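Going line by line, the protein sequences match chains A and B. Reading the first sequence from the start, the letters are residues 1 to 172 in this note's numbering. Reading the second sequence from the start, the letters are residues 173 to 344 in this note's numbering.
Number of protein chains: 2
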Amino acid sequence: MCHIVMNGIIEEEKPAALSPLEIEAIEMFIGFLKLIGLPKSVGEIYGLLFVATKPLTMDDLIGRLRISLGAASQGLKLLRSVGAVKVVYSPGERRDHYVADLALSKFASAFIRDELDPRINRAMERIARMETEALLMDEPDKKITFQRIERLRHWMQRGQKMLPWILKFLVR
Amino acid sequence: MCHIVMNGIIEEEKPAALSPLEIEAIEMFIGFLKLIGLPKSVGEIYGLLFVATKPLTMDDLIGRLRISLGAASQGLKLLRSVGAVKVVYSPGERRDHYVADLALSKFASAFIRDELDPRINRAMERIARMETEALLMDEPDKKITFQRIERLRHWMQRGQKMLPWILKFLVR
DNA sequence: CACTATCTTCAATAAAAAATGAAACCATCC
DNA sequence: GGATGGTTTCATTTTTTATTGAAGATAGTG
């Protein structure tokens, strides 16, 4: 952390208030990332990094966004795990510096990989179990139920087909 | 509500416990609908209706899922608004009877219409404001910032292009 | 190696979201 | 019109989720 001398006393430098541009970016990412289940603090961090023209340290984030140490650390961890934030090496500097990876597709593909895909797989197992259960039913419900299960399976397959396509479209 | 006589006293009929098949369906829909931000109770209601071979009343849902009156009413309201649940008329019956609309695309299109689309539009406005803000900046940050804003716009446009396509794919 | 700056973790707290149920509302029947 | 069965609404409570910050771990430094 840098210092400035004032009145002969050493004080912590007050972090610059967020500019209107930064606020727009932050609000925007809070909204989009909340949509895929990410907490506000993660949106704040990514939003600020997205419009930052220089790498920022965790202290910068804590000071300017006024979030806690824990939130900053955890948010960065998540963003790194998703590939949306990178650590850049600053020679001579001890602390890590972070920059945003500008490829927003990172979020979409992480969402698909971490949330959608596993859920579809579990659903497929469920569907199999549901079918063995349905065997025990009596007509006419049995028939109706099989039709519905079949429909579920159909949707899941459609999803599985579609996801790689979406990914390809996004990443390119 | 039906009644049964027991010990000479009129009692409420105990609702049938959920079958394994019903539980699978319910858990499955809880998971998927939570993914698009819908509460558990909505997933429960839709899940049970999806595998129900007969229209169910609100009382049925309350009794079998053990949810409150309010949750049932609000959940059904939401599901109706999305087109995922229909009211069917039962002659002679006073209370409403509900069935699931089996087209799961209803959820996806509602999500796109209610969450994604408006958010993209607001983002476009933000982007415009960000650009006017960026005009005030000094080089070299100015240039970098314009590039980033341009990239944001690019992604939003890509999203706007993609959504109708996804919708078409889903609805068919 | 001892020291210090930095980062991570996690139990406790705060904030946000969902569920509850009583009261208000509505429609139908007699 | 009044009574009754059914539904919606909404203030309160409960549950879930996110944030905080101090303690612990880690790594660079002299």
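Just so it is clear, CB atoms sit at the ideal spot from N, CA and C, and this is done for glycine as well. Predicted model, so just to flag it, every value in this text is computed and none were measured.
Could you work out which residues of chain B lie near A/I62, taking near to mean beta carbons separated by less than 8 Å? For A/I62, there are no C-beta contacts with chain B under 8 Å, since the nearest C-beta of that chain is about 22 Å from it.
Which residues, in order along the stretch 44-72 of chain A, keep a beta-carbon less than 8 Å from a beta-carbon of chain B? Hits within the stretch, in order: F50, V51, T53.
From B/M200 to A/A123, what distance separates their C-alpha atoms? One Cα belongs to B/M200, the other to A/A123, and the distance between them is close to 6 Å.
Residues of the stretch 20-32 of chain A with a CB closer than 8 Å to any CB of chain B: list them in chain order, please. For the stretch 20-32 of chain A, which is checked against every Cβ of chain B, the residues closer than 8 Å are P20, L21, E24, A25, E27, M28, G31, F32.
CB B/L335 to CB B/L288, shorter than 8 Å? A contact, by the Cβ cut-off of 8 Å.
Label B/G215 either buried or exposed according to how many other C-beta atoms from any shown protein chain fall within 10 Å of its C-beta, with 16 as the threshold for buried. So B/G215 counts as buried.
Find the residues of chain A that neighbour B/A306, judging by a C-beta separation of less than 7 Å, and give them in chain order. Simply L21.
CB of A/T145 within 8 Å of CB of B/V223, strictly: When the beta-carbon positions are compared, A/T145 and B/V223 come within less than 8 Å of each other.
Does the beta-carbon distance from A/A84 to A/F107 come in below 8 Å? Inclusion of A/A84 and A/F107 in the CB contact set at 8 Å is warranted, their separation being smaller than that value.
Which one of A/R129, A/S81, A/T53 has the shortest CA to CA distance from B/D310? With distances taken between Cα atoms, B/D310 lies closest to A/T53.
Helix, strand or coil at B/L345 according to DSSP, with G and I counted as helix: Look at the range of chain B in this structure, 173 to 344, and you will see that residue 345 of chain B is not part of it.
Using a beta-carbon distance cut-off of less than 7 Å, what residues from the stretch 312-323 of chain B approach chain A? With the criterion set as a beta carbon lying under 7 Å from some beta carbon of chain A, the members of the stretch 312-323 of chain B are D313, I316, T317, R320, R323, in sequence order.
Whole angstroms is fine: what's the gap from A/A16's alpha carbon to A/P55's? Their backbone Cα atoms lie some 15 Å apart in a straight line.
Roughly how many angstroms lie between the CA atoms of A/K143 and A/A128, to the nearest whole one? One C-alpha to the other measures close to 16 Å.
Under three-state DSSP, which class holds A/Y89? Here A/Y89 sits in coil by DSSP.
Cross-chain neighbours of A/L104 in chain B, by beta carbon under 7 Å: Result: W327.
The alpha helix (DSSP H) spanning B/A244 covers which residue range? Its alpha helix (DSSP H) spans residues 241-254.
Within chain A, the residues that B/A295 reaches when beta carbons sit closer than 7 Å: The contacting residues are M28.
Based on Cα-Cα distance, which residue from A/R66, A/I36, A/E133, A/D59 lies nearest to B/L190? Minimum Cα distance to B/L190 is reached at A/E133.
In the DSSP assignment, find the unbroken alpha helix (DSSP H) run with B/A280 in it and report its ends. Residues 277-283.
Residue nearest to A/R148 in terms of C-alpha spacing, selected from B/L251, B/G203, B/G219: Proximity to A/R148 across B/L251, B/G203, B/G219 peaks at B/G219, based on C-alpha coordinates.
Here's the rule: buried if 16 or more other CB atoms are within 10 angstroms of the residue's CB, otherwise exposed. What is B/S253? Looking at its Cβ environment, which holds fewer than 16 other Cβ atoms inside 10 Å, B/S253 is exposed.
By DSSP, does B/A272 sit in helix, in strand, or in coil? Looking at B/A272 - three-state DSSP - the assignment turns out to be strand.
Starting from the C-beta of A/Q160, find all residues in its chain whose C-beta is less than 8 Å away, skip the five residues before and the five after it, and write them out in chain order. So the list reads I120, once near-sequence residues are dropped.
Only counting the same chain, and skipping five residues up and downstream in sequence, which positions put a Cβ closer than 8 Å to that of B/I284? Excluding positions up to five away in sequence, the list reads L335, I338, L339.
Ignore the nearest five residues each way along the sequence and tell me which others in B/R236's own chain have a CB closer than 7 Å to its CB. Within the same chain, and ignoring the five residues on either side of B/R236 in sequence, the residues whose Cβ sits closer than 7 Å to its Cβ are P187, A188, L190, L220.
Let me confirm a value: A/G75 is counted as buried when at least 16 other C-beta atoms fall within 10 Å, else exposed. Which label applies? The residue is buried, with at least 16 neighbouring Cβ atoms inside 10 Å.
Any chain A beta carbon closer than 8 Å to B/F279: No, B/F279 lies away from the interface with chain A (no Cβ there is under 8 Å from its Cβ).
Tell me whether the beta-carbon of B/S281 lies closer than 8 Å to the beta-carbon of B/I239. Judged by beta-carbon spacing, B/I239 lies beyond the 8 Å limit of B/S281, meaning their Cβ atoms are not closer than that value.
Quick check on B/L233: buried or exposed, where buried means 16 or more other Cβ atoms within 10 Å of its Cβ? Here B/L233 is buried: its Cβ has 16 or more other Cβ atoms, across all protein chains shown, within 10 Å.
Check whether chain A comes within 8 Å of B/A189, counting only Cβ atoms and requiring the distance to be less than that. At a cut-off of 8 Å between C-beta atoms, B/A189 does not count as an interface residue with respect to chain A.
Using DSSP's beta-bridge definition, name the partner residues of B/L228. As a beta-bridge residue in DSSP terms, B/L228 pairs with B/Y270.
Between B/L360 and chain A, is there a C-beta pair that is closer than 8 Å? Because chain B in this structure spans residues 173 to 344, residue 360 of chain B falls outside the shown range and cannot be described.
Among the residues of its own chain, which have a CB less than 8 Å from the CB of A/L78, if the five just before and after it don't count? Spatial neighbours of A/L78 in its own chain (CB-CB distance under 8 Å, excluding positions within 5 residues in sequence) are listed in chain order as L38, V42.
I need the straight-line Cα distance from B/E297 to A/L152, nearest angstrom please. B/E297 and A/L152: Cα-Cα distance of roughly 39 Å.
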